[in-house]
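Enquirer: Chains as they are written, first to last, in the working numbering: chain D, 5 to 213; chain X, 1130 to 1548.
Below is one structure. I have some questions about it.
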């Protein structure tokens, strides 16, 4: 009996001294489909994919309630791109992810109540116009115009963040604010504004502090 | 005879209980076809460094991308460099909460270096710095500014408030990005902040549109000190004598020279961080190791004494009791040997010692720039070198180093165990 106890103690010691440390997820993770509108398994405190979906959906709904944009007698011509949408935050990001989704979503939801000018593709349009006018290609089916479409309104906006950190607890907190403004390109008037804001806080494991 | 067998067994147990290398410290097997596919879009000159990304696995992936990315930047593989720093920053920015490897790093039996490397604050800041410089090259000044702001946030861990977010280099570059965006007011605010952190810094005049950066020396060195190597400390990088840089700019047949000003000292940044919170855990491990080892010593000595007494007195019971004590002592010593308080000393070894900057009003690039590194006594440190200047927006940027980013071992110090 005593020998058994000793053997048990020896086994416990061997287990304690085991130098094989845990190697995690050695088999990897198979591809899983994720809903882009919900938070995924990897997250930080900044703007993520589900934020972009949520904010653009909200902006689209809100913009379509503005009569000057969505109920004008003649559909206004608008530019929605990232040229005047400034990132002043501490997060590196591709602003096109926001403005592209906004433009596509609005274009589909507006159903002709707004006309979208592809200023971000102006060079492509200019090249085709030149080819048509030089007779290299035919006129197509929609005819020629004197110039590319001008715009009545253009999207502007800003992404800002305010970061704070508690060195005692390791918590990092970020306030993110994204503002959208539709600007009248003649008068400079802001005809519509929208804001999306959120704060997130998280802390790394103590081994990283 | 029975007693001898027990003692032999226990001794063997204590000896084999703990080897110095833990399994996570070794390289992993990677199939040749997997490695080949991974390296296929990387410059051949960098394959020895990028191989380590796969060979050393997830725990060193940030470290290997940092050093490989910097090497890629230096040889002009800018896209590869950007991808590496993006990969490193993605992981740095990931919140490691409820992470099993991080939990393992806190355990008594596993070394701290099992955790996924994110780097100490000065290393994280420098990852943002290089990503920001790459954005500046591309003329993406907004993301450059975001990188420099993000980098500064990593410098908020210092124990002493005066050393928190005091990276003058990042403040300056944030201001420079704002200037390139035409936001002069924001630029001046950032330049003022840089001056608060480094009093000798002179803000660039408003008409300056060219930035020249010279990185000098070799990276701070992490060393483990203490009875059980549980304390992380730093030494200044070695093997360099240069301490300043002068740029020679030639445009339209005219040459001007500009002395670069010291803006950041990485060794100083590394050493002013103060105590890490993990240090308390490592200290606890070291204390446990010491106490257990001492207890083992005492039990062994007492047990030996009892065995001797029992043997001379022909008293088997006393001898067996002594053997039991010796065995308990051996177990305690085995546990002590298995306790791993060693500090994680993996570090980014192709960083510079100091960063110097110069600005000027310049014509649109390309124009010719050379750099002369100088020793502390004013003598030249090596020959003049050409500096590559890029411009994709309102501002141009030139970047150079006194020590090649590729003059490093293929594996980072402390990254894998040496058998």
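All residues carry an ideal CB built from backbone N, CA and C; glycine is no exception.
Hey, would you say residue 127 of chain D sits closer than 8 Å to residue 83 of chain D, going by beta carbons?
Expert: Here residue 127 of chain D refers to the residue found at position 123 of the first chain. Here residue 83 of chain D refers to the residue found at position 79 of the first chain. No; because the gap between Cβ atoms is not below 8 Å, this pair is not in contact.
Enquirer: Which class does residue 1262 of chain X belong to by DSSP, given the choice of helix, strand or coil?
Expert: Locating residue 1262 of chain X in the second chain gives position 133, where the first residue counts as 1. Residue 1262 of chain X: helix per DSSP, three-state reduction.
Enquirer: Return no unless some Cβ of chain D is closer than 8 Å to the Cβ of residue 1532 of chain X.
Expert: Your numbering for residue 1532 of chain X matches position 403 in the second chain. No, no contact with chain D.
Enquirer: Below 8 Å, how does it come out for the region 113-124 of chain D and the region 179-199 of chain D: are there three or more Cβ pairs, yes or no?
Expert: Judged by Cβ distances under 8 Å, the region 113-124 of chain D makes no contact with the region 179-199 of chain D, as fewer than three pairs qualify.
Enquirer: Measuring CA to CA, which of X:1535, X:1499, X:1153 is closest to residue 1342 of chain X?
Expert: Indexing the second chain from 1 puts residue 1342 of chain X at position 213. Selected option, being the one with the closest Cα: X:1499.
Enquirer: Using a Cβ-Cβ cut-off of 7 Å (strictly less than) and excluding sequence neighbours within five positions of residue 1253 of chain X, which residues of its own chain qualify?
Expert: Against the second chain, residue 1253 of chain X aligns to sequence position 124. Result list for residue 1253 of chain X: 1221, 1247, 1283, in chain order.
Enquirer: Count the other CB atoms, across all protein chains shown, that sit within 10 Å of the CB of residue 49 of chain D; report buried if there are 16 or more and exposed otherwise.
Expert: In the first chain, residue 49 of chain D corresponds to position 45, counting from 1. When all chains shown are included, residue 49 of chain D counts as buried.
Enquirer: Which residue or residues does DSSP assign as beta-bridge partners of residue 165 of chain D?
Expert: The residue labelled residue 165 of chain D in the question sits at position 161 within the first chain. Bridge partners of residue 165 of chain D: D:180.
Enquirer: Apart from the five residues just before and just after residue 1146 of chain X, which ones in its own chain have a Cβ nearer than 7 Å to its Cβ?
Expert: Residue 1146 of chain X sits at position 17 when you count from the first residue of the second chain. Low per-residue confidence applies at residue 1146 of chain X: pLDDT is 49, beneath 50, and the placement is therefore not dependable, though the value from the model is reported in the following sentence. 1463, 1466, 1467.
Enquirer: Could you tell me which whole alpha helix (DSSP H) segments of length 4 or greater appear in the region 1420-1479 of chain X?
Expert: Here the runs fully enclosed are 1445-1467.
Enquirer: Residue 1194 of chain X and residue 1347 of chain X: beta carbons closer than 8 Å?
Expert: Walking along the second chain from the start, residue 1194 of chain X turns up at place 65. Walking along the second chain from the start, residue 1347 of chain X turns up at place 218. No, Cβ-Cβ distance for residue 1194 of chain X and residue 1347 of chain X is not below 8 Å.
Enquirer: Among the residues of its own chain, which have a CB less than 7 Å from the CB of residue 1164 of chain X, if the five just before and after it don't count?
Expert: One-based indexing of the second chain puts residue 1164 of chain X at position 35. Contacts found: 1180, 1183.
Enquirer: With the cut-off set at 8 Å, would you say residue 92 of chain D and residue 164 of chain D are in Cβ contact?
Expert: Sequence index remark: in the first chain, residue 92 of chain D carries index 88 (1-based). Sequence index remark: in the first chain, residue 164 of chain D carries index 160 (1-based). Yes, Cβ-Cβ distance for residue 92 of chain D and residue 164 of chain D is below 8 Å.
Enquirer: To the nearest whole angstrom, what separates the beta carbons of residue 1487 of chain X and residue 1390 of chain X, a pair I think is in contact under 8 Å?
Expert: The residue given as residue 1487 of chain X occupies position 358 in the second chain. The residue given as residue 1390 of chain X occupies position 261 in the second chain. Right, their Cβ atoms sit about 7 Å apart.
Enquirer: At what residues does the beta strand (DSSP E) containing residue 1487 of chain X begin and finish?
Expert: Walking along the second chain from the start, residue 1487 of chain X turns up at place 358. That run of the beta strand (DSSP E) goes 1483-1489.
Enquirer: Can you name, in chain order, every residue of its own chain whose Cβ lies under 6 Å from the Cβ of residue 183 of chain D, other than the five neighbours on each side?
Expert: Position 179 of the first chain, counting from 1, holds the residue named residue 183 of chain D. Once the five neighbours on either side are set aside, the close Cβ partners of residue 183 of chain D are 161, 162, 199.
Enquirer: Let me know if residue 1545 of chain X comes out buried or exposed under the rule of 16 or more other beta-carbons within 10 Å of its beta-carbon.
Expert: Here residue 1545 of chain X is taken as the residue at index 416 of the second chain, counted from 1. With 16 or more other Cβ atoms within 10 Å, it is buried.
Enquirer: With a threshold of 8 Å, are at least 3 pairs of Cβ atoms found where one atom belongs to the region 1505-1523 of chain X and the other to the region 1316-1333 of chain X?
Expert: No, they do not touch.
Enquirer: Is residue 1225 of chain X helix, strand or coil when you go by DSSP?
Expert: Looking up residue 1225 of chain X in the second chain gives position 96. It is coil, neither helix nor strand.
Enquirer: Quick one: which unbroken beta strand (DSSP E) runs of 3-plus residues sit fully inside the region 32-87 of chain D? Chain order, please.
Expert: List check, beta strand (DSSP E) in window: 81-83.
Enquirer: Please classify residue 1383 of chain X as buried or exposed, where buried requires at least 16 neighbouring CB atoms within 10 angstroms.
Expert: For the purposes of this step, residue 1383 of chain X is identified with residue 254 of the second chain, where counting begins at 1. When all chains shown are included, residue 1383 of chain X counts as exposed.
Enquirer: Let me know the beta strand (DSSP E) ranges lying completely inside the region 1264-1350 of chain X, each 3 residues or longer, listed in chain order.
Expert: List check, beta strand (DSSP E) in window: 1339-1345.
Enquirer: Which residues in chain D have a C-beta closer than 8 Å to the C-beta of residue 1405 of chain X? List them in chain order.
Expert: In the second chain, the residue the question calls residue 1405 of chain X occupies position 276. Those are 213, listed as they occur along chain D.
Enquirer: In the structure shown, what three-state DSSP assignment does residue 1215 of chain X receive?
Expert: For this step, residue 1215 of chain X is matched to residue 86 along the second chain. Helix at residue 1215 of chain X.
Enquirer: Taking the straight line between their C-alpha atoms, what separation do you get for residue 1518 of chain X and residue 1149 of chain X?
Expert: Counted from its first residue, the second chain places residue 1518 of chain X at position 389. Counted from its first residue, the second chain places residue 1149 of chain X at position 20. Rounded to whole angstroms, residue 1518 of chain X to residue 1149 of chain X spans 48 Å at the Cα level.
Enquirer: Excluding the 5 residues preceding and the 5 following residue 1310 of chain X in the sequence, name in chain order all residues of the same chain whose CB lies nearer than 6 Å to its CB.
Expert: Residue 1310 of chain X sits at position 181 when you count from the first residue of the second chain. Once the five neighbours on either side are set aside, the close Cβ partners of residue 1310 of chain X are 1270.
Enquirer: Where do the N-terminal and C-terminal ends of the beta strand (DSSP E) with residue 1528 of chain X fall, by residue?
Expert: Position 399 of the second chain, counted from the start, is the residue given in the question as residue 1528 of chain X. From DSSP, the beta strand (DSSP E) with residue 1528 of chain X extends over 1525-1530.
Enquirer: Pick out whichever of X:1185, X:1162, X:1178 has its Cα sitting closest to the Cα of residue 1152 of chain X.
Expert: Counted from its first residue, the second chain places residue 1152 of chain X at position 23. Cα-wise, what sits closest to residue 1152 of chain X is X:1185.
Enquirer: Using 8 Å as the Cβ pair cut-off and three pairs as the minimum, do the region 1347-1360 of chain X and the region 1468-1480 of chain X touch?
Expert: These segments touch.
Enquirer: To the nearest angstrom, how far is it from the Cα of residue 77 of chain D to the Cα of residue 1285 of chain X?
Expert: The count along the first chain starts at 1 and reaches residue 77 of chain D at position 73. The count along the second chain starts at 1 and reaches residue 1285 of chain X at position 156. So the alpha carbons of these two residues sit roughly 55 Å apart.
Enquirer: With a threshold of 8 Å between beta carbons, is residue 91 of chain D in contact with chain X?
Expert: For the purposes of this step, residue 91 of chain D is taken as the residue at position 87 of the first chain. Residue 91 of chain D counts as touching chain X.
Enquirer: Using DSSP bridges, identify the partner residues of residue 196 of chain D.
Expert: Indexing the first chain from 1 puts residue 196 of chain D at position 192. Looking at the DSSP assignment, residue 196 of chain D forms a beta bridge with D:186.
Enquirer: Taking the C-alpha atoms as reference points, what is the distance between residue 1338 of chain X and residue 1523 of chain X?
Expert: Taking the second chain and counting its residues from 1, one reaches residue 1338 of chain X at position 209. Taking the second chain and counting its residues from 1, one reaches residue 1523 of chain X at position 394. Going by the C-alpha atoms only, they are around 7 Å apart.
Enquirer: Pull out every residue of the region 1283-1309 of chain X whose Cβ sits closer than 8 Å to any Cβ of chain D, in chain order.
Expert: Going along the region 1283-1309 of chain X in chain order, one finds 1285, 1286, 1287, 1288, 1293 with a Cβ nearer than 8 Å to chain D.
Enquirer: Is residue 1424 of chain X close to chain D? Criterion is C-beta to C-beta, closer than 8 Å.
Expert: Position 295 of the second chain, counting from 1, holds the residue named residue 1424 of chain X. No, residue 1424 of chain X does not count as interfacial toward chain D.
Enquirer: Check whether the Cβ of residue 1433 of chain X lies closer than 8 Å to any Cβ atom in chain D.
Expert: Taking the second chain and counting its residues from 1, one reaches residue 1433 of chain X at position 304. No - not a single Cβ of chain D is within 8 Å of the one on residue 1433 of chain X.
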